[in-house]
Amino acid sequence: MKLLNVLNPWHRSQPPLARYRQQRRGVRLKTWLSAAPVHLTLVAIALLWTLPTAGLWISSLRPAADLSQSGWWTVFQHPFELTQYSLQNYRDVLTAEHMGRAFLNSLMITLPATLIPVAIATLAAYGLAWMRFPGRQMIMVGIVGLLVVPLQMTLIPVLRSYRDLGLVGQFAAVWLAHTGYGLPLGIYLLRNYIGSLPREVLDAAAIDGASHWQTLTKLVVPLSLPAIASFAVFQFLWVWNDFLVALVYLGAANEVAPVTVQLSRLVGSRGQDWHLLTAGAFVTMVVPLAVFFALQRQFVRGILAGSLKG
Amino acid sequence: MILANVYRRGLRGFLPWFYVGPALLFLLLYLVLPTVQTVYLSFLDGRSQQFVGWDNYRVLLTNPATGIALRNNLLWLVGVTGVSVGLGLVLAVLLDRVRYEPIIKGLIFMPMAISFVGASVIWRFVYAYRPAGQEQLGLLNAIVTALGGQPMGWTVETCWPLADWAPITLPGVGWEWSCWGIPFLNTLALMTIMIWLQTGFCMVLLSAAVKGIPADVVDAARVDGATELQIFWRMTVPLIRPTIAVVATTVVIVVLKVFDIVWVMTGGQQETEVLASRMIKEMFNFREFGRGSAIAVLLLLAVVPVMVSSMRRFRDGEDGL
Chain S
1 MKLLNVLNPW
11 HRSQPPLARY
21 RQQRRGVRLK
31 TWLSAAPVHL
41 TLVAIALLWT
51 LPTAGLWISS
61 LRPAADLSQS
71 GWWTVFQHPF
81 ELTQYSLQNY
91 RDVLTAEHMG
101 RAFLNSLMIT
111 LPATLIPVAI
121 ATLAAYGLAW
131 MRFPGRQMIM
141 VGIVGLLVVP
151 LQMTLIPVLR
161 SYRDLGLVGQ
171 FAAVWLAHTG
181 YGLPLGIYLL
191 RNYIGSLPRE
201 VLDAAAIDGA
211 SHWQTLTKLV
221 VPLSLPAIAS
231 FAVFQFLWVW
241 NDFLVALVYL
251 GAANEVAPVT
261 VQLSRLVGSR
271 GQDWHLLTAG
281 AFVTMVVPLA
291 VFFALQRQFV
301 RGILAGSLKG
Chain B
1001 MILANVYRRG
1011 LRGFLPWFYV
1021 GPALLFLLLY
1031 LVLPTVQTVY
1041 LSFLDGRSQQ
1051 FVGWDNYRVL
1061 LTNPATGIAL
1071 RNNLLWLVGV
1081 TGVSVGLGLV
1091 LAVLLDRVRY
1101 EPIIKGLIFM
1111 PMAISFVGAS
1121 VIWRFVYAYR
1131 PAGQEQLGLL
1141 NAIVTALGGQ
1151 PMGWTVETCW
1161 PLADWAPITL
1171 PGVGWEWSCW
1181 GIPFLNTLAL
1191 MTIMIWLQTG
1201 FCMVLLSAAV
1211 KGIPADVVDA
1221 ARVDGATELQ
1231 IFWRMTVPLI
1241 RPTIAVVATT
1251 VVIVVLKVFD
1261 IVWVMTGGQQ
1271 ETEVLASRMI
1281 KEMFNFREFG
1291 RGSAIAVLLL
1301 LAVVPVMVSS
1311 MRRFRDGEDG
1321 L
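These protein sequences, in sequence, are chains S and B.
Going by our numbering, 99 is the number at position 99 of the first sequence; the sequence numbering is gapless.
For any residue, its number in our numbering is found by taking its place in the second sequence, counting from 1, and adding 1000.
Okay, structure coming up:
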């Protein structure tokens, strides 16, 4: 065999690394083919999972007249004929159907309703992880218990006190409510992460004379930025996508309704206006999908940190 | 000197509450107190605020609509949890062997970013119904038509008749069994949306657990001649059972609270209702706050077993600290 290799000029002319790579490639192809069922299953499920969203997206780009006449998959008969696509649906839904206003409302609701709980949860998580005080174990158990209280449970009493305070229909009503509802998960995730930071670092800071506040802001927050970011993404998606809290505490008035409530009204009142529904649904999804794809890694890491350690 | 010491120690004792206090205040105001109040309200008449004892519960439990809602909740619980955890597990195991894992994961996990309302609109386009003869706008009905079947209202009909392609009523049997075929078609259609939303979440968590299984152990089993199925049932599943339990718990909690999908897809039409949508209906459509509260208490009672088990798990995890 060795002799053959020496005598074979073609074989010798190849540098050893390329030869090795070629051999590896052959092996890889063989294993790939034997694993074909696995690949087929995975690709099929991924396609199946993407199909509904893809269908909606294609539909939203079709003129209203076409949309009500034929299914979205008919565009694939001539996929590159650009006349069958238009942005008119988006223009209509943003101007005529209050979706533009609702988009701004959603931002107005989501930003404070993300920042406030993140700040409060970070404070509490630090306190519960690194400070000694009576009852902290009980508090932590209580917070885990609250994690599963259905928020429907609290609607009527909170709505009543909001009525008394004149808060119904005000953005502040949902900011505060989302803070309350988001805190158990936030404290739980962040405490797990902050509690797992190396003890020595914090002890060193204490010996150097750092106060708790300095330790928190200069040491713990920078170190736990991944966890804080992931809770922020989680809270952001949850608030942006929320329907129930906004519907109950804000109502459906155009001035305050967020995109989800506005979209549900579109479904209810105009179930037949497919073109507005498609574009409207996509308007509601743009921001969360962008956030999700930009921060997917962080998001996943945060969920894993919380769920696997518990 | 002494006074300063007392002052400082006092301040130090107070300091933790500066950190934990705001959170506790919010939890108290938005979760603890309202829950207690709701339990109290469930014993009052919604309009007159008179104490009526168990009346609200009695009315609810004798109302057939509650029975349907309970039945549907049970269907959701078993069906959605079973399918999304099972499918997530299979996907996690398969994904462990391929290189393009992040792409597939991203695509299947994506619905996580979509609201329940948005998902409902997406699925209206899958389930859209038009009578036969016209061109179908809904993908599912287009496929059924292409295969020679009759298009149907997936979210409206209670049964997918398989025998004779037409419903057959069995005399003397309740309407649930009035057909030969797949019952609860409308509820199954709504459950599919939830499965679509939850599978990615299960897959991501389970996939992390699968990756945590030491490779040499699995290789050793493979060398000893274990088939893939044996490895899956005898090794993978037992080794990651704790994670499976956590994931299933999470899905159960989400499923019990579900309301948006039912509300937007069918407007709380009777056969598809669940407890949560029933509750919103009692509150806003009928202004029956007492009965609404009673349903909320029933919901809480359904969650309590889950809560107890997850608290126990939390304490177990705490032992290491």
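All C-beta atoms in this analysis are idealised placements derived from N, C-alpha and C, irrespective of residue type, glycine included.
- Message: In the DSSP output, which residue or residues are listed as bridge partners for B:L1044?
- Response: Taking the second sequence and counting its residues from 1, the one referred to as residue 1044 of chain B is at position 44. Answer by DSSP bridge pairing, in chain order: B:F1051.
- Query: Would you call the CB atoms of B:V1255 and B:L1205 closer than 8 angstroms?
  - Reply: By one-based count along the second sequence, residue 1255 of chain B stands at place 255. By one-based count along the second sequence, residue 1205 of chain B stands at place 205. Their beta carbons are not under 8 angstroms apart, which means B:V1255 does not touch B:L1205 by this criterion.
- Message: Considering only their Cβ atoms, is the gap separating B:P1022 from S:M131 smaller than 8 angstroms?
- Response: Numbered from 1 along the first sequence, position 131 holds the residue referred to as residue 131 of chain S. Numbered from 1 along the second sequence, position 22 holds the residue referred to as residue 1022 of chain B. Cβ atoms of S:M131 and B:P1022: not closer than 8 angstroms.
- Message: Determine, for B:D1219, whether the minimum Cβ-Cβ distance to residues of chain S falls below 8 angstroms.
- Response: The residue given as residue 1219 of chain B occupies position 219 in the second sequence. Closer than 8 angstroms: no.
- Three or more beta-carbon pairs under 8 angstroms between the region 88-107 of chain S and the region 216-231 of chain S, yes or no? no
- Query: Based on the DSSP secondary-structure assignment, which residues constitute the bridge partners of B:G1212?
  - Reply: Numbered from its first residue, the second sequence carries residue 1212 of chain B at position 212. Partner(s): none; B:G1212 has no beta bridge.
- Give the secondary structure of B:I1182 by DSSP, where H, G and I count as helix, E and B as strand, and everything else as coil. Translated into positions along the second sequence, residue 1182 of chain B becomes position 182. Reduced to three states, the DSSP call for B:I1182 is strand.
- Task: With a cut-off of 8 angstroms on the beta carbons, I'd call S:A121 and S:F231 a contact; round off their distance for me.
- Result: Walking along the first sequence from the start, residue 121 of chain S turns up at place 121. Walking along the first sequence from the start, residue 231 of chain S turns up at place 231. That pair is a contact at about 7 angstroms.
- Message: I'd like to know if S:Q69 contacts chain B, where contact means its C-beta is closer than 8 angstroms to some C-beta of that chain.
- Response: Here residue 69 of chain S corresponds to residue number 69 of the first sequence, with the count starting at 1. Cβ-Cβ to chain B under 8 angstroms: yes for S:Q69.
- Query: Rounded to a whole number of angstroms, what is the C-alpha to C-alpha distance between B:G1118 and B:L1188?
  - Reply: As a first step, residue 1118 of chain B is located in the second sequence; it is residue number 118 there, counting from the start. As a first step, residue 1188 of chain B is located in the second sequence; it is residue number 188 there, counting from the start. Cα-Cα distance, rounded: 19 angstroms.
- Three-way DSSP call (helix, strand, coil) for S:P226 in this model: Taking the first sequence and counting its residues from 1, the one referred to as residue 226 of chain S is at position 226. In this structure, S:P226 counts as helix in the three-state DSSP scheme.
- Can you pull the chain S residues whose beta carbon is under 8 angstroms from the beta carbon of B:G1076, in chain order? Residue mapping note: residue 1076 of chain B aligns to position 76 of the second sequence, counting from 1. Position check: residue 1076 of chain B holds Trp in this sequence, whereas Gly was assumed. Residues of chain S passing the Cβ test: none, with the nearest at roughly 14 angstroms.
- Message: Check this for me: beta carbons of S:V158 and B:P1034, under 8 angstroms apart or not?
- Response: As a working mapping, residue 158 of chain S is identified with position 158 in the first sequence. As a working mapping, residue 1034 of chain B is identified with position 34 in the second sequence. Their beta carbons are under 8 angstroms apart, which means S:V158 touches B:P1034 by this criterion.
- Query: Straight-line CA distance for B:L1259 to B:T1227?
  - Reply: Taking the first residue of the second sequence as position 1, residue 1259 of chain B is located at position 259. Taking the first residue of the second sequence as position 1, residue 1227 of chain B is located at position 227. What sits at residue 1259 of chain B in the sequence shown is Phe, not Leu. Their Cα atoms are separated by approximately 43 angstroms.
- Can you give the Cα-Cα distance for B:Q1049 and B:L1298, rounded to whole angstroms? Taking the second sequence and counting its residues from 1, the one referred to as residue 1049 of chain B is at position 49. Taking the second sequence and counting its residues from 1, the one referred to as residue 1298 of chain B is at position 298. C-alpha separation (whole angstroms): 20 angstroms.
- If you count every other CB in all the chains shown that lies within 10 Å of the CB of B:S1309, and 16 or more means buried, which is it? In the second sequence, residue 1309 of chain B corresponds to position 309, counting from 1. By the neighbour-count rule (16 or more Cβ atoms within 10 Å), B:S1309 is not buried but exposed.
- Tell me whether the beta-carbon of B:M1265 lies closer than 8 angstroms to the beta-carbon of B:L1197. Taking the first residue of the second sequence as position 1, residue 1265 of chain B is located at position 265. Taking the first residue of the second sequence as position 1, residue 1197 of chain B is located at position 197. Going by C-beta atoms, B:M1265 is not nearer than 8 angstroms to B:L1197.
- Item | Supposed close pair B:L1107, S:A46 - CB separation, criterion 8 angstroms | Numbered from 1 along the second sequence, position 107 holds the residue referred to as residue 1107 of chain B. Numbered from 1 along the first sequence, position 46 holds the residue referred to as residue 46 of chain S. That belief holds up - the Cβ atoms of B:L1107 and S:A46 are roughly 5 angstroms apart, short of 8 angstroms.
- Message: Tell me whether the region 134-152 of chain S and the region 180-200 of chain S touch, counting them as touching only if at least three CB pairs, one residue from each stretch, are closer than 8 angstroms.
- Response: yes
- Query: Can the beta-carbon of S:W175 be found less than 8 angstroms from the beta-carbon of S:P112?
  - Reply: Taking the first sequence and counting its residues from 1, one reaches residue 175 of chain S at position 175. Taking the first sequence and counting its residues from 1, one reaches residue 112 of chain S at position 112. Yes, the Cβ-Cβ distance between S:W175 and S:P112 is below 8 angstroms.
- Task: Could you check which residue in S:Q296, S:V245, S:F299, S:F282 has the C-alpha nearest to that of S:L56?
- Result: Counting from one through the first sequence, the residue named residue 56 of chain S turns up at place 56. For the residues S:Q296, S:V245, S:F299, S:F282, the minimum Cα distance to S:L56 belongs to S:F282.
- Query: Mind checking B:P1214: buried by the 16 CB within 10 Å criterion, or exposed?
  - Reply: The sequence position of residue 1214 of chain B within the second sequence is 214, counting from 1. It counts as exposed.
- Three-state secondary structure (DSSP) at B:W1154? Taking the first residue of the second sequence as 1, we reach residue 1154 of chain B at position 154. Three-state DSSP puts B:W1154 in coil, outside helix and strand.
- Can you check whether the CB of B:N1141 is closer than 8 angstroms to the CB of B:T1272? Numbered from 1 along the second sequence, position 272 holds the residue referred to as residue 1272 of chain B. Numbered from 1 along the second sequence, position 141 holds the residue referred to as residue 1141 of chain B. No, the Cβ-Cβ distance between B:T1272 and B:N1141 is not below 8 angstroms.
- Message: On the criterion of 16 or more Cβ atoms from any shown chain inside 10 Å, does S:H78 qualify as buried, or is it exposed?
- Response: Within the first sequence, numbered from 1, the residue matching residue 78 of chain S stands at position 78. By the 10 Å Cβ count, S:H78 comes out exposed.
- Residue span of the alpha helix (DSSP H) that contains S:P112, given as start and end: On the first sequence, position 112 is the one that residue 112 of chain S refers to. Per DSSP, the unbroken alpha helix (DSSP H) holding S:P112 starts and ends at 99-130.
- Item | Span of the beta strand (DSSP E) around B:P1161 | Indexing the second sequence from 1 puts residue 1161 of chain B at position 161. Taken as a continuous stretch (DSSP letters only), the beta strand (DSSP E) holding B:P1161 covers 1159-1161.
- Select from S:A18, S:N254, S:F103, S:V248 the residue whose C-alpha is nearest the C-alpha of S:V168. For the purposes of this step, residue 168 of chain S is taken as the residue at position 168 of the first sequence. Checking every option, the nearest Cα to that of S:V168 belongs to S:V248.
- Query: Is B:K1257 close to chain S, meaning its C-beta is less than 8 angstroms from at least one C-beta of that chain?
  - Reply: Within the second sequence, residue 1257 of chain B is the residue found at index 257, counting from 1. Chain S contact via Cβ: present.
- Task: Determine whether the Cβ of B:Q1050 lies closer than 8 angstroms to any Cβ atom of chain S.
- Result: Working through the second sequence from its first residue, we reach residue 1050 of chain B at position 50. It does not: the Cβ of B:Q1050 has no partner Cβ on chain S nearer than 8 angstroms.
- Item | N-terminal and C-terminal residue of the alpha helix (DSSP H) that B:P1131 is part of | Here residue 1131 of chain B refers to the residue found at position 131 of the second sequence. Boundaries for B:P1131: no alpha helix (DSSP H) harbours it, and the DSSP string shows neither H nor E there.
- Beta-carbon proximity check, S:A183 vs B:F1026, cutoff 8 angstroms: Taking the first residue of the first sequence as position 1, residue 183 of chain S is located at position 183. Taking the first residue of the second sequence as position 1, residue 1026 of chain B is located at position 26. Going by the sequence as given, residue 183 of chain S is Leu instead of Ala. Against a cut-off of 8 angstroms, the Cβ pair of B:F1026 and S:L183 comes out as a contact.
- Message: Can you check whether the C-beta of B:I1114 is within less than 8 angstroms of a C-beta belonging to chain S?
- Response: Taking the first residue of the second sequence as position 1, residue 1114 of chain B is located at position 114. Answer yes: the Cβ-Cβ gap between B:I1114 and chain S drops below 8 angstroms somewhere.
- Give the straight-line distance between the Cα atoms of S:P267 and B:I1195, rounded to the nearest whole angstrom. Residue numbering aside, residue 267 of chain S sits at position 267 when the first sequence is read from its first letter. Residue numbering aside, residue 1195 of chain B sits at position 195 when the second sequence is read from its first letter. In the sequence under discussion, the amino acid at residue 267 of chain S is Val, which differs from the Pro named in the question. Distance between the alpha carbons of S:V267 and B:I1195 is about 22 angstroms.
- Do B:I1261 and B:S1120 come within 8 angstroms of each other at the CB atom, strictly closer than that value? Against the second sequence, residue 1120 of chain B aligns to sequence position 120. Against the second sequence, residue 1261 of chain B aligns to sequence position 261. In this structure, B:I1261 lies closer than 8 angstroms to B:S1120 by Cβ.
- Message: Are the CB atoms of B:V1126 and B:G1138 within a distance shorter than 8 angstroms?
- Response: Residue numbering aside, residue 1138 of chain B sits at position 138 when the second sequence is read from its first letter. Residue numbering aside, residue 1126 of chain B sits at position 126 when the second sequence is read from its first letter. For B:G1138 and B:V1126, yes; Cβs fall inside 8 angstroms.
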